[in-house]
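Asker: In terms of our numbering, the sequence shown opens at residue 4 and continues consecutively.
Where a beta carbon is used, it is the ideal one built from N, C-alpha and C, also for glycine.
All values reported here derive from a predicted model rather than from experimental measurement.
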Amino acid sequence: MAFIYRPTSLLPRLRNFTLARPACAALKTSVRLQETNTTTASKDQVKSYNEIPGSGTLKSLYNFLLKDGISRIHLNQEESRDRYGPICREILGPFKTVYVFDPDVVQQVFQNEGEYPAREPSSPIWQMYKKDRGQSEGVLTLHGEKWYKARSALSKKMLKPKVVSEYAPELTGVMQDFVGRVMELRESSQDKTVPNLQNELFKWSLESIGTVLFEKRFGSFEKPPSKEAQRFINAARTVFSTLFELFLYPEWMAKVYKTKRLRAFYDAMDVMYDFGDALVQEKIIEIAEKAKDIDKDKGAEFLTFIVASKKLSSKEITANLVEILMAAVDTTSNTSLWTMYNLAKNPEVQERLHKEVTSVLKPGEIATPSTINKMHYLKACVKETLRLVPVAIENARIFDRDVPIMGYNIPKHVMVRIPIYAMGRDANLFDDPLSYKPERWLRGDKSHPHYHPFSSLPFGYGVRMCLGRRVAEMEMYLLLSRIMQLFQLESMNDVEPMTRGLLVPDKDVFIKFNQR
């Protein structure tokens, strides 16, 4: 979840901050960047950081404060690229940032991320809550050896495709409940749209990742929703709606003035952590009672595996599960929403996807991991959505040493940002970049050139890639394939992306679900 971290802009750095996504082994063994001839220049020819084209403090403040910067950070990325070229800097007082728009350089940045990649730190309000409540940090916000410990404990059950495919039955159950909800809502709607589609997708995403992480359904689609589920859902929504807004609230002020919004954030976080801790403790007792019957290495579910492996304390397990859940819900639901919107706006793409799905699946058949592997256009549609509207608009890395990039010296601790949104819409990297063309990602498609593998990295890269990528993809493929079987999507309005922690629609999305 992007807004767990510092905002991808300059103003938040005015506060009292302290410094701070998959993998290719061959690249990892390459020569380190400072030892390569990245610019064919000798050390004597390397220019200083201050010689990088870019904006200073006043210009950066103007862009952010007077040009609606908080909601158009993604557009500022494009403007900087067009104005300054493939590399630029931003300076705001003592805080320094470098943006790189060249995929070759992006590749070099990731090759230099080191054993324990450092990225931007979590927000001060997030850190303050953890400190005040004595909560552990999770894999999304940890760094160094502590991050590696958590990552190692979690990745076996999150990143291996064969393991993730075992979650398909539970995810399918959630998907079917969502589709049933869509059927119900469209029937009660005069124009066959689904009121508050974003909210329904939020519940679907929450239920999906919840059933994986906690081995439990929250009850979002029950009639009526269970009180426990509703309380948790309300808390999650509150956290999502308040944390981004609290980015602009200085930590020193938060310690003195406990505003209504800050109190709401704390209360909601308490609910989520209490809920998570209760399930972890319940699982610990269950495993203790069935110790001889549990083989953590053979088919154990996620929480059972993590608890039984004993690599993390109960407090660490709770922190990691809550953080992963928070990172997964909004990102997956928004990507699914953007994909539906793009399909509705591009009928010819939608029809091609419908033909693929119905050619693989028999009438009434539900997709499985094996049938999904035959749906190449489906995967291309999601990938194209993430190129055009990546929910996280950038990645970032912080080097622990001086590194030369494109002939400039990047001092250690300077944040190097990789603007995913701007790169995905760069005409130098993609032909017809503003058009939704999933076929560009199909192997053997001769109408499009081969794209640089580092030109679009919505899930990040390397050992710090998005931990929930495989699960999120499985969720979306199951959902979208079923939607294409049952409905023809028709767009009822136009929306534009805006930055609000994540890249979200600037207004409600109205899509007519015409039953096939």
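1) When you compare only the Cα positions, how much space is there between residue 280 and residue 129?
2) At what residues does the alpha helix (DSSP H) containing residue 494 begin and finish?
3) Please report whether the beta-carbon of residue 173 lies at a distance below 8 Å from any beta-carbon of chain C.
4) Does the separation of the CB atoms of residue 175 and residue 369 fall below 8 Å?
5) Is the CB-CB distance between residue 93 and residue 58 below 8 Å?
6) Could you pull out every residue in the same chain whose Cβ sits closer than 7 Å to the Cβ of residue 243, ignoring the five residues on either side in sequence?
7) Under three-state DSSP, which class holds residue 399?
8) Count the other C-beta atoms from every protein chain shown that fall within 10 angstroms of the C-beta of residue 362, then say buried if there are 16 or more, exposed otherwise.
9) Going by C-alpha to C-alpha distance, which of 183, 172, 491 sits closest to residue 478?
10) What would DSSP say about residue 42, mapped onto helix, strand or coil?
11) To which residues of the same chain is residue 26 closer than 7 Å at the C-beta, ignoring the five residues directly before and after it?
12) By Cβ distance below 8 Å, which residues in the same chain neighbour residue 492 in space, the five residues on each side in sequence not counted?
13) Report yes if the CB atom of residue 153 is closer than 8 Å to the CB atom of residue 315, and no otherwise.
14) Can you list, in chain order, the residues of its chain with a C-beta nearer than 7 Å to that of residue 305? Leave out the 5 residues immediately preceding and following it.
15) Would residue 323 and residue 142 qualify as a contact pair, given that the criterion is a beta-carbon distance under 8 Å?
16) Tell me where the beta strand (DSSP E) around residue 404 begins and ends.
17) If you draw a straight line from the alpha carbon of residue 325 to that of residue 393, how long is it in whole angstroms?
18) May I have the straight-line CA-CA distance separating residue 147 from residue 198, to the nearest angstrom?
19) Quick check on residue 12: buried or exposed, where buried means 16 or more other Cβ atoms within 10 Å of its Cβ?
20) Return the bridge partner residues of residue 1 from the DSSP annotation.
21) DSSP three-state label for residue 371, please.
22) Given residue 383, which residues of its chain have a CB within under 8 Å of its CB, disregarding the five upstream and five downstream residues?
23) At which residues does the alpha helix (DSSP H) containing residue 377 begin and terminate?
24) Does the distance from the CB of residue 245 to the CB of residue 264 come in under 8 Å?
25) Which first and last residues belong to the beta strand (DSSP E) in which residue 175 is found?
26) Please report the residue range of the beta strand (DSSP E) in which residue 99 lies.
27) Use the C-beta contact count for residue 509: other C-beta atoms within 10 angstroms, 16 or more gives buried, fewer gives exposed.
Answerer: Put simply:
1) On the sequence shown, residue 280 is found 277 positions in, with the first residue counted as 1. On the sequence shown, residue 129 is found 126 positions in, with the first residue counted as 1. Going from the Cα of residue 280 to the Cα of residue 129 covers about 18 Å.
2) The residue given as residue 494 occupies position 491 in the sequence shown. That residue, residue 494, is in no alpha helix (DSSP H); its beta strand (DSSP E) goes 490 to 494.
3) The structure shown contains no chain C; it is built from a single protein chain.
4) Numbered from 1 along the sequence shown, position 172 holds the residue referred to as residue 175. Numbered from 1 along the sequence shown, position 366 holds the residue referred to as residue 369. Yes.
5) Along the sequence shown, read from residue 1 onward, the residue named residue 93 stands at position 90. Along the sequence shown, read from residue 1 onward, the residue named residue 58 stands at position 55. For residue 93 and residue 58, yes; Cβs fall inside 8 Å.
6) If you number the sequence shown from 1, residue 243 lands on position 240. Taken in chain order, the residues that qualify are 333.
7) Here residue 399 corresponds to residue number 396 of the sequence shown, with the count starting at 1. Correct three-state label for residue 399: strand.
8) For the purposes of this step, residue 362 is taken as residue 359 along the sequence shown, with counting starting at 1. By the neighbour-count rule (16 or more Cβ atoms within 10 Å), residue 362 is not buried but exposed.
9) Mapped onto the sequence shown, residue 478 falls at position 475. It is 172.
10) Residue numbering aside, residue 42 sits at position 39 when the sequence shown is read from its first letter. A caution first: residue 42 carries a pLDDT of 41, below 50, which makes its placement in the model unreliable, though a value can still be read off. Residue state, collapsed to three classes: coil.
11) Position 23 of the sequence shown, counted from the start, is the residue given in the question as residue 26. Confidence is the limiting factor: at residue 26 the pLDDT is only 33, short of 50, which leaves the residue's position unreliable and the question unanswerable from this model.
12) To locate residue 492, count along the sequence shown from 1; it is residue 489. Around residue 492: 343, 346, 347, 353, 486, 514, 515, 516, 517.
13) Here the question's residue 153 lines up with position 150 in the sequence shown. Here the question's residue 315 lines up with position 312 in the sequence shown. Cβ atoms of residue 153 and residue 315: closer than 8 Å.
14) The sequence position of residue 305 within the sequence shown is 302, counting from 1. Taken in chain order, the residues that qualify are 160, 215, 216, 218.
15) The residue you call residue 323 lines up with position 320 of the sequence shown. The residue you call residue 142 lines up with position 139 of the sequence shown. Against a cut-off of 8 Å, the Cβ pair of residue 142 and residue 323 comes out as a contact.
16) As a position in the sequence shown, residue 404 is number 401, starting the count at 1. Counting along the chain, residue 404 falls outside any beta strand (DSSP E), and DSSP gives it neither H nor E.
17) Counting from 1 along the sequence shown, the entry for residue 325 is found at position 322. Counting from 1 along the sequence shown, the entry for residue 393 is found at position 390. Cα-Cα distance, rounded: 23 Å.
18) As a first step, residue 147 is located in the sequence shown; it is residue number 144 there, counting from the start. As a first step, residue 198 is located in the sequence shown; it is residue number 195 there, counting from the start. C-alpha separation (whole angstroms): 45 Å.
19) For the purposes of this step, residue 12 is identified with residue 9 of the sequence shown, where counting begins at 1. Any reading at residue 12 must be qualified, since the residue scores a pLDDT of 39, below 50, and its modelled position is unreliable; the value itself is stated next. Classification of residue 12: buried, given that the 10 Å Cβ count is 16 or more.
20) Nothing about residue 1 can be read from this structure; the chain reaches only from 4 to 519.
21) Here residue 371 corresponds to residue number 368 of the sequence shown, with the count starting at 1. Residue 371 falls in the coil class under three-state DSSP.
22) Here residue 383 is taken as the residue at index 380 of the sequence shown, counted from 1. Closer than 8 Å at the Cβ level, and outside the excluded window around residue 383, lie 441, 442, 443, 444, 445.
23) Indexing the sequence shown from 1 puts residue 377 at position 374. Neither: residue 377 is in no alpha helix (DSSP H) and is coded neither H nor E.
24) As a working note, residue 245 is residue 242 in the sequence shown. As a working note, residue 264 is residue 261 in the sequence shown. Against a cut-off of 8 Å, the Cβ pair of residue 264 and residue 245 comes out as a contact.
25) For this step, residue 175 is matched to residue 172 along the sequence shown. No beta strand (DSSP E) contains residue 175, which is instead part of the alpha helix (DSSP H) from 171 to 190.
26) In the sequence shown, the residue the question calls residue 99 occupies position 96. 98 to 103 is the extent of the beta strand (DSSP E) around residue 99.
27) By 1-based counting over the sequence shown, the position of residue 509 is 506. So residue 509 ends up on the exposed side.
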